[in-house]
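Residue numbers (the UniProt record's numbering): 1 to 149. Positions of the beta carbon are idealized from the N, C-alpha and C atoms, including for glycine. Model, not experiment: these values are computed from the prediction. Worksheet for the structure shown next.
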Amino acid sequence: MLVELKVNGKKRKVEIDCEEYLVDTLRKLGNLSVKRGCDTGCCGLCSIWIDKKPVLSCAMLTVRALNKEITTIEGIEKEASEFARILVSEGAEQCGFCSPGFIMTVIAMKEELENPTEEEIKHYLTGNLCRCTGYMGQLRAIKTYLGVK
1 MLVELKVNGK
11 KRKVEIDCEE
21 YLVDTLRKLG
31 NLSVKRGCDT
41 GCCGLCSIWI
51 DKKPVLSCAM
61 LTVRALNKEI
71 TTIEGIEKEA
81 SEFARILVSE
91 GAEQCGFCSP
101 GFIMTVIAMK
111 EELENPTEEE
121 IKHYLTGNLC
131 RCTGYMGQLR
141 AIKTYLGVK
C-alpha cells in the first residue's frame, strides 16, 4: 500500500507492506542511521522519535506512524553534532554502530528531564546497549551535555 509519512519535516510517499516495521520503512527511505539490531526492542539501535518521544522503530508497525511526526538523527544534525563532540571530548566514542540510537535517546532525555540524577539518567538509557564501552565515558559525556554534576 502507498502511504505518506512525515519524516524529518518532509512528507514522503512510500510503498509498504501492511505488516512492515518502521525500521525497514525508514531505511528504505534512506535513513540509514536507523539500524536493525536485536529485533526484540532491547538494544536501542533503531531508536527514533515519534512526536518528539523516543520509540523503538523495530517494535512499531509503519502504519501506526501515519499522521505522526517521525524524526531520525538525520533530522537533528545540529543537536546530534553538539552531543557527538562532547562524546569525543570525554573519550566515549567507540565504533559508532550504536551512536545514532543512543544520541536520539540522550537528546530526548534533555528535553524531558530537568537536572536528572545519575540513577535517572541510567534508567532513561535502559535498553540502549553498547558492546564497546563500559558506559562510564558515556555517562560523563551525558552529564556534561545536560549540565549535571
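Are the beta-carbon atoms of residue i and residue j separated by less than 8 Å?
{"i": "V14", "j": "L32", "result": "no"}
{"i": "T62", "j": "T105", "result": "no"}
{"i": "V23", "j": "C43", "result": "no"}
{"i": "A65", "j": "G41", "result": "no"}
{"i": "Y145", "j": "I86", "result": "yes"}
{"i": "L2", "j": "I70", "result": "no"}
{"i": "K52", "j": "E111", "result": "yes"}
{"i": "N128", "j": "G101", "result": "yes"}
Evaluate residue i with the Cβ neighbour count: other Cβ atoms within 10 Å of its Cβ, from every protein chain shown; 16 or more gives buried, anything less gives exposed.
{"i": "N8", "result": "buried"}
{"i": "M109", "result": "buried"}
{"i": "G149", "result": "One point to set straight first is that residue 149 is Lys, not Gly, in the sequence displayed. K149 is exposed by the Cβ-count criterion."}
{"i": "T72", "result": "buried"}
{"i": "C18", "result": "exposed"}
{"i": "G147", "result": "exposed"}
{"i": "V88", "result": "exposed"}
{"i": "C132", "result": "exposed"}
DSSP state of residue i, grouped into three classes?
{"i": "E120", "result": "helix"}
{"i": "L2", "result": "strand"}
{"i": "E20", "result": "coil"}
{"i": "I86", "result": "helix"}
{"i": "G126", "result": "The sequence shown places Thr at residue 126, rather than the Gly named in the question. The answer is coil: DSSP assigns T126 none of H, G, I, E or B."}
{"i": "V34", "result": "coil"}
{"i": "V63", "result": "helix"}
{"i": "T25", "result": "helix"}
{"i": "L45", "result": "coil"}
{"i": "T72", "result": "coil"}
Spell out a yes or no on whether the stretch 133 to 142 and the stretch 86 to 96 are touching, meaning 3 or more CB-CB pairs, one atom from each, closer than 8 Å.
Segments in contact, yes.
Taking contact to mean at least 3 C-beta pairs separated by less than 8 Å, is the stretch 74 to 82 in contact with the stretch 114 to 121?
In the pairwise beta carbon analysis, the stretch 74 to 82 is classified as not touching the stretch 114 to 121: fewer than three pairs are separated by under 8 Å.
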